[in-house]
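Peer 1:
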Amino acid sequence: ERRVEASFTEIVVGPKLRRKAPFTLSIQEVERLLSAPDESLPQGLRDRAILELFYSSGLRVSELSGLMLQQIDLDAGALKVYGKGSKERVCPMGSKAVEAINVYLRSGRPHLVKPKTGSAVFLSARGTAISRKTVWFLVKKHTRAAGIDKPVSAHTLRHSYATHLIEAGADLRAVQLLLGHASIESTAIYVHLTH
945 ERRVEASFTE IVVGPKLRRK APFTLSIQEV ERLLSAPDES LPQGLRDRAI LELFYSSGLR
1005 VSELSGLMLQ QIDLDAGALK VYGKGSKERV CPMGSKAVEA INVYLRSGRP HLVKPKTGSA
1065 VFLSARGTAI SRKTVWFLVK KHTRAAGIDK PVSAHTLRHS YATHLIEAGA DLRAVQLLLG
1125 HASIESTAIY VHLTH
């Protein structure tokens, strides 16, 4: 019996590979992460509002860190966002995000305001708009506190939001609009996560 040493698969041209599906959290892991911040502190109220907003709106990190008070309509449960290419879109917020932002604006943000604070929604300890780097750091910190041993980033919550919407039966085009994707192809990767 003769063995072929070289693999014939090296010369086979396969189909074009799909983009790798992004990593997501389960609903239970999301719930643990959302409840990780210490809400007895102004920063904890801020962090809870940030995490809730990420998960219920699918915002990008840059969109969240640049969010201004005048972009939010808590009564309508929506916010106006300027995404990639300065494209404007309206994002609905979940009721828990609205509640968390309300609590933060009433009981957390006033403690972070300094004399030169502008109208940024989410403030650092210095009273300035929270940076993208700080957002990434706080997501990692609360992931560890929630006991989630996975490579979670702020973008993971965006991916989880999209995946859970599609699992619940949301229309792909609706999810495309919510995420601000220019192409339906960018949104279609979430379908492969759920099947």
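Our numbering numbers the first residue of the sequence shown as 945 and each following residue consecutively. The C-beta atom is built at its ideal place from N, Cα and C for all residues, glycine as well.
Should Met-1037 be flagged as near chain B, meaning a C-beta pair shorter than 7 Å?
Peer 2: This model lacks chain B altogether, as it is built from one protein chain only.
Peer 1: At 4 residues or longer, what runs of the alpha helix (DSSP H) sit wholly inside the stretch 997-1054?
Peer 2: 1005-1009 and 1039-1047
Peer 1: Compare the C-alpha of Gly-1071 against each of Gly-1052, His-1086, Lys-1085 and Phe-1081 and name the closest.
Peer 2: Gly-1052
Peer 1: In angstroms, rounded to a whole number, what distance separates the CA positions of Glu-975 and Leu-1101?
Peer 2: 11 Å
Peer 1: With a cut-off of 8 Å on the beta carbons, I'd call Asn-1046 and Leu-1023 a contact; round off their distance for me.
Peer 2: Incorrect: roughly 13 Å between the Cβ atoms, too far for contact.
Peer 1: Straight-line CA distance for Ser-1104 to Lys-1085?
Peer 2: The straight-line gap from Cα to Cα measures roughly 18 Å.
Peer 1: Among all the DSSP beta bridges, which residues are the ones paired with Ala-1106?
Peer 2: Ala-1106 pairs with nothing; no bridge assigned.
Peer 1: Secondary structure at Leu-969, three-state DSSP: helix, strand or coil?
Peer 2: Of the three classes helix, strand and coil, the one that applies to Leu-969 here is coil, per DSSP.
Peer 1: Are there three or more Cβ pairs, one per stretch, closer than 8 Å when the stretch 1031-1041 is compared with the stretch 984-1004?
Peer 2: yes
Peer 1: What does the alpha-carbon distance come out to for the pair Arg-1050 and Val-1079?
Peer 2: 21 Å
Peer 1: Taking the alpha helix (DSSP H) that Lys-1083 belongs to, which residues open and close that run?
Peer 2: Just to set this straight, residue 1083 is Val in the shown sequence, not Lys. Counting along the chain, the alpha helix (DSSP H) containing Val-1083 begins and ends at 1076-1089.
Peer 1: Given Pro-1054, which residues of its chain have a CB within under 7 Å of its CB, disregarding the five upstream and five downstream residues?
Peer 2: none
Peer 1: Sorted by chain position, which residues of the same chain lie with C-beta nearer than 6 Å to Gly-1010's C-beta, five sequence neighbours on each side aside?
Peer 2: none
Peer 1: Using the Cβ count rule (16 or more neighbours within 10 Å means buried), how would you classify Gly-958?
Peer 2: At Gly-958 the pLDDT is 49, less than 50, meaning the model places this residue with poor confidence; the figure from the coordinates comes in the next sentence. Label assigned to Gly-958: exposed.
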